[in-house]
Amino acid sequence: FLPVLASVTHIWGWRTATGICAAVIALVAPLTWRFLRDWPSDVGSTAYGSSEADAPAARPRPAGNPFSGAIATLVDVARYRTFWLLASTFFICGASTNGLIGTHLISASHDHGIQEVTAASMLAFIGIFDLIGTTGSGWLTDRFQSRTLLTWYYGLRGISLILLPMAYDAGNFGLGAFIVFYGLDWVATVPPTIRLAADHFGRARVGTVFAWVLASHQLGAAAIAYLAGALRVAYGDYESAFWMSGALCIVAAVLTRMIRRSPDLTPPAVVVASPLPAGARPA
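Under the numbering used here, the very last position in the sequence shown is 285; numbers go up by exactly one each time.
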């Protein structure tokens with residue numbers, strides 16, 4: 003849809019394109035409420051990769067106010083180094099994807115003489131390869147250490163961003179290679195990050211824990227969206243922004259090696275808004 007929205011923006015302006023997006027969201031929201039369910043058992047199925055023997059006898063229910071439960075979970079897990087490592091690396095993940103490429107790739111391409119619709123098509127192809135990469139990452143996460151996968155993902159993403167200015171200079175071949183390489187890595191970090199959150203803090207709370215980790219992702223995206231624009235205004239191009247984001251990804255690759263192999267605590271068996279088990283020692 004990106005090339006279509008780019009064409010709409012070019013012809014009728016950004017307000018029309020934004021209105022189309024809002025209309026689609028308004029259509030999808032009630033469909034989501036009507037057809038999506040919380041648990042596989044609600045549709046007579048089991049979780050992917052599990053058997054009926056693995057299914058819980060009773061469906062766990064959240065206890066108490068959801069908002070206060072989310073805050074209580076944050077207070078609990080914030081005492082552990084693993085949570086901050088996941089949040090820090092995901093901050094960099096957001097900075098190097100949505101914040102940088104998602105926001106500025108079209109403008110950076112325009113600086114190199116590429117039309118807006120063509121640049122939007124490049125971003126769309128990144129999304130296509132992202133589907134392949136994320137699916138493959140989920141398969142790998144079931145079979146290999148999540149820490150190791152994240153080290154490779156962040157490291158390779160950093161290299162691709164550092165080399166992006168040269169890819170522009172190399173023309174279609176260089177940009178094509180970047181689109182494939184970077185696209186495969188775009189959301190590949192999500193499956194191993196969720197797996198680590200589940201392993202360290204329990205599957206019963208993985209949704210809430212990952213939601214807080216995802217909040218840091220959005221903060222990173224917002225920060226680099228502004229900073230990359232400021233660097234473009236100051237220096238006249240995006241090279242420094244690409245190099246900085248690439249370097250941050252290398253830092254994230256190093257941080258993933260600091261995540262413990264074993265869980266920080268014995269996770270609770272049900273969804274509750276309670277403190278961590280007595281005797282659990284923060285990292």
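Quick reminder that beta carbons are idealized off the backbone N, C-alpha and C, glycines included.
Here the structure is a predicted model, which means the values were calculated and not measured.
Original post:
Under three-state DSSP, which class holds residue 260?
Top reply: coil
Original post:
So does residue 211 have its beta carbon nearer than 7 Å to some heavy atom of the ligand SAH?
Top reply: With respect to the ligand SAH, the structure offers nothing, as it holds no ligand at all.
Subject >> Reduced DSSP category for residue 228 - H, G, I as helix; E, B as strand; rest coil >> reply: helix
Original post:
What residue does the alpha helix (DSSP H) around residue 119 start on, and which one ends it?
Top reply: 118-143
**OP:** Compute the distance between the beta-carbons of residue 107 and residue 199, then report whether it is under 8 Å.
**Re:** No, Cβ-Cβ distance for residue 107 and residue 199 is not below 8 Å.
Subject >> Rounded straight-line distance, which links the Cα of residue 124 to that of residue 243 >> reply: 19 Å
Original post:
Between residue 248 and the rest of its own chain, which residues show a CB-CB distance below 6 Å, the 5 nearest in sequence each way excluded?
Top reply: 160, 163 and 164
Original post:
Can you check whether the CB of residue 226 is closer than 8 Å to the CB of residue 101?
Top reply: yes
Original post:
Does the region 133-149 come close enough to the region 109-123 to have 3 or more Cβ pairs within less than 8 Å?
Top reply: no
**OP:** Can you tell me which of the three DSSP states residue 30 falls into?
**Re:** helix
Original post:
Helix, strand or coil for residue 191 per DSSP?
Top reply: Residue 191: coil per DSSP, three-state reduction.
Original post:
DSSP on residue 167, reduced to helix/strand/coil?
Top reply: helix
**OP:** Would you mind stating whether residue 1 and residue 19 have Cβ atoms separated by less than 8 Å?
**Re:** Lying before the first or after the last residue shown, residue 1 is absent from the chain, which here runs from 3 to 285.
Original post:
Within this structure, are the beta carbons of residue 211 and residue 79 separated by less than 8 Å?
Top reply: yes
Subject >> Burial state of residue 192 (16 or more Cβ within 10 Å) >> reply: buried
Original post:
Which whole-angstrom value describes the C-beta separation of residue 185 and residue 135, a residue pair presumed to lie in contact below a C-beta threshold of 8 Å?
Top reply: 7 Å
Original post:
So, using beta-carbon positions, are residue 222 and residue 93 closer together than 8 Å?
Top reply: When the beta-carbon positions are compared, residue 222 and residue 93 come within less than 8 Å of each other.
Subject >> Expected contact under 8 Å - CB spacing of residue 121 and residue 111 to nearest Å >> reply: The pair is a contact, with the Cβ atoms about 4 Å apart (cut-off 8 Å).
Original post:
From residue 158 to residue 149, what distance separates their C-alpha atoms?
Top reply: 14 Å
Original post:
Alpha carbon to alpha carbon, how far is residue 259 from residue 41?
Top reply: 34 Å
**OP:** With distances taken Cα to Cα, identify the nearest neighbour of residue 263 among 169, 202 and 90.
**Re:** 202
**OP:** Consult DSSP for residue 114 and reduce its assignment to one of helix, strand or coil.
**Re:** In the three-state scheme derived from DSSP, where H, G and I count as helix and E and B as strand, residue 114 is classed as coil.
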